[in-house]
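Novice: Note that our numbering has the sequence shown beginning at 714, numbered continuously upward.
What follows is a single structure, and I will ask about it in a moment.
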Amino acid sequence: MKIFNTRSSLQQYLSQKRSEGNTTGLVPTMGALHKGHISLLAEAKKYADVIVCSIFVNPTQFNDPKDLEKYPRPIEHDIEMLINAGCDVLFNPTVDEMYQPGETWHLDIGPLESMLEGKFRPGHYQGVTQVVFKLFDIIKPDFAFFGQKDYQQVKVITRMVDMLHMPLKMIMCPIVREPEGLAMSSRNVHLSTNERANSILLSATLYNVKHQFGKLTIDELKQLAVKELTSNPNIQLDYFEIADADTLVPAKADTQHMVALVAAKVGNVRLIDNIILN
Ligand code: PAF
């Protein structure tokens, strides 16, 4: 696997590969890789000739400086995982390589920015679009792979790609779960054994809602989920919503495609999860 820390060296390598007729697939990550990321790489290999994984803990998408500071950065282990997964290229830039001092960014992505996650993490999606725009601009992938776990993030980036007519195809890959149901996330390493046991209620509730879907009304499903999630005093619920799978506005009885989304804090760890209902 080739490792690049600068934009120019990566761009030089990729333009050579492109001129030889190869397509490029990008898996953008913040590192602390797990099986979820590896599944994105496996999917990418089905679509593209050259697979690039980026590892960059993007400071502009963190609202809490403590969260940024404690974000896991096991780079040696990540490199080993990428080699084992057959990744071709790792792009691992520094903050200075990615950002100019005093740089600003604003992209109007409409209501998607301030609903659900956006409400609890103001500015988060500006930071995400800022860094993903840069990665797309540097790497010019033909395909980009994102996990369904960050469902709203996929919708936000797809909106940016559509609005700016970016010439790439977005691929959303299914959530990879621990055997007990917990959605894989780099943040899971911060969960204690007890917290991990409590956090299973998130996916269990989503599966229950999917099971009851079509038998109960949307309001009844929401009530059932909130009741289940708030029955555990160790879980601090931020939101549970059943939304239109495209726009993420709250679903109505006649909404065609629906997704249930949940966010909650378990101890100090904030977890998100979702399930596509139909
Ligand atoms: O999902 C993530 O890990 C990050 O939000 C992303 C897409 C790599 C941008 O920093």
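Idealized CB from N, CA, C, for every residue including glycine.
Along the alpha helix (DSSP H) that carries residue 848, what are the first and last residues, could you check?
Specialist: Mapped onto the sequence shown, residue 848 falls at position 135. 837–852 is the extent of the alpha helix (DSSP H) around residue 848.
Novice: Do residue 757 and residue 738 come within 7 angstroms of each other at the CB atom, strictly closer than that value?
Specialist: Here residue 738 corresponds to residue number 25 of the sequence shown, with the count starting at 1. Here residue 757 corresponds to residue number 44 of the sequence shown, with the count starting at 1. Yes. Within cutoff.
Novice: Using 8 angstroms as the Cβ pair cut-off and three pairs as the minimum, do the region 794–804 and the region 866–877 touch?
Specialist: no
Novice: According to DSSP, is residue 939 helix, strand or coil?
Specialist: The residue you call residue 939 lines up with position 226 of the sequence shown. Correct three-state label for residue 939: helix.
Novice: Consult DSSP for residue 877 and reduce its assignment to one of helix, strand or coil.
Specialist: Counted from its first residue, the sequence shown places residue 877 at position 164. Three-state DSSP puts residue 877 in coil, outside helix and strand.
Novice: Identify the continuous beta strand (DSSP E) that holds residue 952 and give its terminal residues.
Specialist: Taking the first residue of the sequence shown as position 1, residue 952 is located at position 239. From DSSP, the beta strand (DSSP E) with residue 952 extends over 948–957.
Novice: Which residue's Cα is closest to the Cα of residue 901: 783, 875 and 766?
Specialist: Within the sequence shown, numbered from 1, the residue matching residue 901 stands at position 188. The candidate whose alpha carbon is nearest that of residue 901 is 783.
Novice: On the DSSP letters alone, give me the boundaries of the beta strand (DSSP E) that residue 801 sits inside.
Specialist: What you label residue 801 is simply residue 88 of the sequence shown in a count that begins at 1. Unbroken run through residue 801: none, as it is neither H nor E.
Novice: Can you determine whether any heavy atom of the ligand PAF sits closer than 6 angstroms to the C-beta of residue 993, and answer yes or no?
Specialist: The shown model of the chain, from 714 to 991, leaves out residue 993, and the question about it has no answer.
Novice: Rounded C-beta distance between residue 882 and residue 855? I'm assuming under 8 angstroms.
Specialist: Sequence index remark: in the sequence shown, residue 882 carries index 169 (1-based). Sequence index remark: in the sequence shown, residue 855 carries index 142 (1-based). Yes, they are in contact, since the Cβ atoms of residue 882 and residue 855 sit about 7 angstroms apart, within 8 angstroms.
Novice: Any chance you could list the residues with Cβ under 6 angstroms from a heavy atom of the ligand PAF, keeping chain order?
Specialist: 741, 742, 743, 771, 774, 841, 844, 845, 863 and 866
Novice: If we ignore side chains and look at the alpha-carbon of each, how far apart do residue 909 and residue 807 end up?
Specialist: Stepping through the sequence shown from its first residue, residue 909 is reached at position 196. Stepping through the sequence shown from its first residue, residue 807 is reached at position 94. The straight-line gap from Cα to Cα measures roughly 32 angstroms.
Novice: Taking DSSP's pairing of strands, which residues face residue 856 in a bridge?
Specialist: Working through the sequence shown from its first residue, we reach residue 856 at position 143. Note: residue 856 sits in a beta bridge opposite 738 and 882.
Novice: For residue 878, which option in 730, 853 and 725 has the closest C-alpha, if you only look at C-alpha atoms?
Specialist: Here the question's residue 878 lines up with position 165 in the sequence shown. Ranking the options by Cα distance to residue 878, first place goes to 853.
Novice: Looking at the secondary structure, which residues open and close the beta strand (DSSP E) in which residue 781 lies?
Specialist: Numbered from 1 along the sequence shown, position 68 holds the residue referred to as residue 781. No beta strand (DSSP E) holds residue 781; the alpha helix (DSSP H) holding it covers 778–782.
Novice: I'd like to know whether the C-beta atoms of residue 864 and residue 776 end up nearer to each other than 7 angstroms.
Specialist: Working through the sequence shown from its first residue, we reach residue 864 at position 151. Working through the sequence shown from its first residue, we reach residue 776 at position 63. No, these two residues do not count as a Cβ contact at 7 angstroms.
Novice: Can you confirm whether the region 744–755 touches the region 809–819 when touching is taken to mean that 3 or more C-beta pairs between the two stretches lie within less than 8 angstroms?
Specialist: no
Novice: Between the alpha carbons of residue 921 and residue 956, how many angstroms are there, rounded?
Specialist: Taking the first residue of the sequence shown as position 1, residue 921 is located at position 208. Taking the first residue of the sequence shown as position 1, residue 956 is located at position 243. If you take the alpha carbons of residue 921 and residue 956, they lie about 16 angstroms apart.
Novice: Quick check: what's the CA-CA separation for residue 728 versus residue 968?
Specialist: For the purposes of this step, residue 728 is taken as the residue at position 15 of the sequence shown. For the purposes of this step, residue 968 is taken as the residue at position 255 of the sequence shown. Those two C-alpha atoms are separated by around 44 angstroms.
Novice: Within the present structure, is the beta-carbon of residue 889 separated from the nearest heavy atom of the ligand PLP by less than 6 angstroms?
Specialist: Ligands present in the displayed structure are limited to the ligand PAF, and the ligand PLP is not among them.
Novice: Would you mind working out which of 945, 947 and 837 sits nearest residue 819, comparing C-alpha positions?
Specialist: The sequence position of residue 819 within the sequence shown is 106, counting from 1. Residue 837 is the option with its Cα nearest to residue 819.
Novice: In the DSSP output, which residue or residues are listed as bridge partners for residue 767?
Specialist: Numbered from its first residue, the sequence shown carries residue 767 at position 54. BP columns for residue 767 point to 741 and 804.
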